[in-house]
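Written out below as structure tokens is the structure these notes cover.
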Amino acid sequence: MKTIYILWLREIKRYLRSKSRIIGSLGQPLLFLLALGYGLGSVFAKAGEGNYFEFLAPGIIGMSIIFTAIFSGIQMIWDRQFGFLKETLVAPVNRLNIMIGRTLGGATVATMQGLLVLILVTIFGFRPYNWALVPVVILFMLLVALLFAALGAAIASLLDDMQGFQLIMNFLVMPLFFLSGALFPLDGLPAVLAGIVKFDPLSYGIDSFRILLVNNGSFGLGTDFAVLAVVTAVFLGLGSYFFSKIQI
Amino acid sequence: MDNIIEVQHLVKKFGDFTAVDDISFDVKKGEIFAFLGPNGAGKSTTIKMLTTILNPTGGDIKLNGHDAKNDADAVRRSFGIVFQDPSLDDDLTALENMDLHGVLYGVPRKIRKERIEQLLSFVELWDRRDSQVKEFSGGMKRRLEIARGLLHHPAVLFLDEPTLGLDPQTRNHMWSYLQDLNEKEGVTVFFTTHYMEEAERIAQRIAIIDHGKIVASGTAAELKSRTKTNSLEDAFLKLTGTVIRDEDASTTDKMRAHGRMWRGGRR
Ligand SMILES: Nc1ncnc2c1ncn2[C@@H]1O[C@H](COP(=O)(O)OP(=O)(O)O)[C@@H](O)[C@H]1O
Ligand SMILES: [Mg+2]
């Protein structure tokens, strides 16, 4: 328990200390929100889909969560490079707990980042249709964050240097984001794309945000929860397994 | 007396290269044991295998009665280590690094607080306890690593070139602290060094390792009498001399490398 807590705390401290990381990772969602939200708004409305800004906001929250979560998982590569990883690997504690502490920390950080984006979109005029559901959204945000933090950590356990990092960002995170329905509605997609979207766990996360924030979803909250929970459990299991096999 | 470390036919290969070449040795409980050898001899690789963060290519390791392969968790509960390479979290402060270590190693809060203050004062970092480690110089980081390694009192303490980059005062301080720990709490100390005099002065038993092989082991006196020499340095040169002649690489290069090292060059 203490192990989990102290490693969780470490992630939080590191996050709060890197002001540039907090600010920097708000820039990208803001850009997407303004450029796409306002740029495509009229096209979206003409197509009879309603208010694009409102549609996009949950997607952008999902975007900031997946980026922050995977990044914090992947940060383990830095820990390996700069040596701190050794310190935890030789400690007389269960490696599963180390993994859980790190991942919970990364997930908490990503959830905070998601909340910041929620506040940001509210400043630009976004209104959840029912404020009472916001705590539930936060729980779903945490679940999505946990899923991708675990995925990041699992991948990082397999990489021993930074070179893989850019590859992951370009060939994993970007596709996960663009193919998730964060930017476009899921109904009426070409069959192939619709199929791919169903294999992207982020789709279910963003769907749940959309259901809870703007009452407009595709899969249903129960399905979203089930898929997210199962995939999270699988990634945590995989991550712990790979982590326990790390050699320096 | 019981052996707290038992190593048999330990081998580590990196591709074609054999870094540790079939070594066997024992360390007795409560002993101060030194691994003495030039850079690249395979000291750190051996320590990594003993401390479960690197899998051997072959051979067996028993530490405190536990098998390193099958019971790594039990092995990890038995030792502490100061690595040769940095292993601090640069974003945390000195105090936070110490505290995190104390929690990971289950040092009770009260003892943790006391010892952290004592150890940080002892390496002259108490005044800087709230600075992030990234602001520290190389020497300060090294001192912090040492202090952190001494925070808990395990059955075996591994120190991989602990004195590298330390000033003489801290070095002396550290050794007297360790000898005290060894006497009072029976902590077995296993350290590596490439400084002759350090091995001779501190260690009760020495194993000389070169090119991944243990070329001789025993007390400093035994090593000297076996080679009929007056200093450990001469003993070493005599022992490793044969190895050099067996190698196909240029003998003079190796000699030069040895010479550099014994004059106290680093890395
Ligand atoms: N991960 C690795 N991959 C390839 N070679 C390695 C690796 N680690 C160590 N070596 C090599 O093994 C040899 C022994 O290294 P090491 O154990 O660090 O020596 P020492 O600690 O005695 O100075 C060196 O030649 C080193 O280059
Ligand atoms: Mg070494």
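Keeping their order, the protein sequence lines are chains G and S. Per this note's numbering, the first sequence runs over residues 144 to 391. Per this note's numbering, the second sequence runs over residues 27 to 293. Ideal placement from N, C-alpha and C gives every residue a C-beta, glycine not left out. Everything numeric in this text was worked out from a predicted model, so none of it was measured.
- The beta carbon of Phe225 of chain G sits closer than 8 Å to some beta carbon of chain S.
- For Glu140 of chain S, the enclosing alpha helix (DSSP H) covers residues Arg135 to Phe148.
- Contact of Ile391 of chain G with chain S is assigned, a C-beta pair being separated by under 8 Å.
- Scanning its chain for C-beta atoms nearer than 7 Å, with the 5 sequence neighbours on each side dropped, one finds around Ile209 of chain G the residues Phe291, Val316, Leu319, Phe320 and Leu345, in chain order.
- For Thr78 of chain S, the Cβ stays outside the 7 Å cut-off from all heavy atoms of ligand 1.
- Rounded to the nearest angstrom, the Cβ distance from Val280 of chain G to Leu329 of chain G is 19 Å, too far for a contact under 8 Å.
- The straight-line gap separating the alpha-carbon atoms of Glu211 of chain S and Leu173 of chain G is approximately 59 Å.
- Where Asp117 of chain S is concerned, there is no enclosing beta strand (DSSP E), because DSSP gives it neither an H nor an E.
- Arg252 of chain S and Asp86 of chain S have their C-alpha atoms spaced approximately 29 Å apart.
- Using a Cβ-Cβ cut-off of 8 Å, Thr146 of chain G counts as an interface residue toward chain S, since at least one Cβ of chain S sits closer than that to its own.
- Around the beta carbon of Leu310 of chain G, a 10 Å sphere encloses fewer than 16 other beta carbons of the protein chains shown; the residue is thus reported as exposed.
- Taking C-beta atoms as the reference points, Phe51 of chain S and Val33 of chain S count as a pair closer than 8 Å.
- The beta-carbon separation of Ala212 of chain G and Leu286 of chain G, rounded to 11 Å, does not stay under the 8 Å limit for a contact.
- Interface criterion met: the Cβ of Arg157 of chain G is under 8 Å from a Cβ in chain S.
- Residues of the same chain with a CB within less than 6 Å of the CB of Arg353 of chain G, apart from the 5 flanking positions on each side, are Pro201, Asn359 and Gly360 in chain order.
- DSSP, read as helix, strand or coil, puts Val233 of chain G in coil.
- Leu176 of chain S sits close to Leu145 of chain S, with the two beta carbons spaced by under 8 Å.
- Environment of ligand 2, chain-ordered: S:Lys69, S:Ser70, S:Gln110, S:Asp186 and S:Glu187, taking every residue with Cβ within less than 6 Å of a heavy atom.
- At least one heavy atom of ligand 1 falls within 7 Å of the beta-carbon of Ala45 of chain S.
- The way I'd put it, the segment 382-389 of chain G doesn't touch the segment 186-200 of chain S; fewer than three beta-carbon pairs between them come closer than 8 Å.
- Between Thr245 of chain S and Lys55 of chain S, the CB-CB gap reaches or exceeds 8 Å.
- With a cutoff of 7 Å, Ala229 of chain S does not count as near ligand 1, since its C-beta is closer than that to no heavy atom of the ligand.
- For His35 of chain S, the secondary structure class from DSSP, reduced to helix, strand or coil, is strand.
- At a C-beta separation below 8 Å, Asp186 of chain S has no neighbours in chain G, since its nearest C-beta there lies roughly 11 Å away.
- Residues of the segment 228-251 of chain G whose Cβ lies closer than 9 Å to any Cβ of chain S, in chain order: Leu228, Lys229, Glu230, Thr231, Leu232, Val233, Ala234, Pro235, Val236, Asn237, Arg238 and Ile241.
- With a contact defined as Cβ atoms closer than 8 Å, Ile147 of chain G and Gly295 of chain G miss out at about 18 Å.
- No Cβ-Cβ contact shorter than 8 Å links Ile172 of chain S with Ile49 of chain S.
- By the CB criterion at 8 Å, Gly205 of chain G and Gly331 of chain G fall outside the cutoff.
- Straight across, the Cα-Cα distance linking Ile232 of chain S with Gly238 of chain S is about 15 Å.
- Runs of alpha helix (DSSP H) with 4 or more residues, each lying fully within the segment 258-322 of chain G, are found at 277-301, 306-311 and 317-321, listed in chain order.
- Placement of the Cβ of Phe40 of chain S at a distance of less than 7 Å from at least one heavy atom of ligand 1 is found.
- Rounded to the nearest whole angstrom, the CA to CA distance from Ile217 of chain G to Ala190 of chain G is 40 Å.
- Contact between Asp236 of chain S and Pro64 of chain S holds, since their C-beta atoms are separated by about 6 Å, short of 8 Å.
- The segment 33-108 of chain S is shown to contain whole alpha helix (DSSP H) runs of 4 or more residues at 69-76 and 98-102, in chain order.
- Between the segment 101-108 of chain S and the segment 71-81 of chain S, the count of C-beta pairs closer than 8 Å reaches three or more; the two stretches touch.
- At least one beta carbon of chain G lies nearer than 8 Å to the beta carbon of Lys74 of chain S.
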